[in-house]
Amino acid sequence: MIILKLGGSLITDKKKEFSIRQDVIDRAAREIKEGAKDTQLIIVHGGGSFGHPVAERFNIQDGFKDKKQIQGIVLTRKAMTDLNQQVITTLLDNGLPVISLQPSAFITCSSGRIDRFNIDIIKRFLELETIPVLFGDVVLDKKQGFCILSGDQIIANLSAHLNPKRIILAADVDGIFDKNPKKHASARLIKEINQNNFNEIYQNLEKLEGDVTGGIKNKVMEIMNSKTNQTIINALVPGRLKKALLGEEVRGTKVIGKTGK
Ligand code: ATP
Ligand code: IP8
């Protein structure tokens, strides 16, 4: 089994609200079709320029503070439904048997961390030879009313239960760099992040402005706290996603979680 994240940075333009990269999703769908023929697959997509700006406007990530936020919950859910609808349609048009599963309908959190997740639903859709598609979402939270659940946390949780052979995070950059590659031409790609070099690298990572789940910094932390190894690749480069799905060597960053393998 493979778990694939279609990052919000890949499938949308995070600098422009509600802007989808249709051509990129189309190509990704074709590469998934060719690269994941003989394996079970779960896809999780991020919020990109749909979920993040709306959630930020209403401070949804801070939990319930004010009744005005209710409108924000509704609009964040709507934004994610709209993005998911476009992703699902494109994947279906390319012949992939995808089933959209709305996380807020079967996952809940406590203080921002998953406390209930009916994994059986995922298992049974996999048994039916479909491809479950989940996404970062606004979900109910036992302690703070609601929270934003990132696709990255969903992946860590899924992996703990399903033990996938590969986890691929497809983004719009080649992997994790020593500094933001979009701001610094001299940024150097880090091939592997593990327990030995993590602290030093983590300190230098920046929080992405306008990203309510903490951007690349939180992503690395999420993986390091999990028992998974995940590879971050740039799926804007044609062919890389297919190769990564097939298990071939691709330019990227391997992040080694608690397994240390
Ligand atoms: P989403 O959370 O919307 O699903 P994503 O999972 O695709 O998005 P981001 O959280 O947006 O990923 O992280 C990728 C972005 O992080 C890149 O587009 C880049 O602009 C930014 N970034 C900042 N610092 C770094 C760094 N040191 N190395 C790599 N990317 C960085
Ligand atoms: O983009 C966040 O998920 P992520 C989802 O995977 C929302 O961090 C609703 C902002």
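Number 80 in my numbering belongs to position 94 of the sequence shown; there are no gaps in the numbering. Ideal placement from N, C-alpha and C gives every residue a C-beta, glycine not left out.
For Ser(-5), the distance from the CB to the nearest heavy atom of the ligand ATP is below 7 Å. Annotation: the continuous alpha helix (DSSP H) that includes Thr67 extends over 55 to 79. Minimum Cα-Cα distance from Ile176 among the listed residues His170, Asp160, Lys169 corresponds to Asp160.
One thing to note: Leu120 has its Cβ no nearer than 8 Å to the Cβ of Ile107. For Ser96, no alpha helix (DSSP H) encloses it; the enclosing beta strand (DSSP E) starts and ends at 93 to 96. Relative to the ligand ATP, the nearest heavy atom lies less than 7 Å away from the CB of Asp197.
Judged by DSSP in its simplified three-state form, Arg102 adopts strand. Remark: fewer than three beta-carbon pairs, one from each stretch, lie closer than 8 Å, so the stretch 16 to 27 and the stretch 50 to 63 are not flagged as touching. By the CB criterion at 8 Å, Val125 and Ser90 fall inside the cutoff. Gln72 and Ile117 have their C-alpha atoms some 16 Å from each other.
One thing to note: Ala173 has its Cβ within 8 Å of the Cβ of Asn166.
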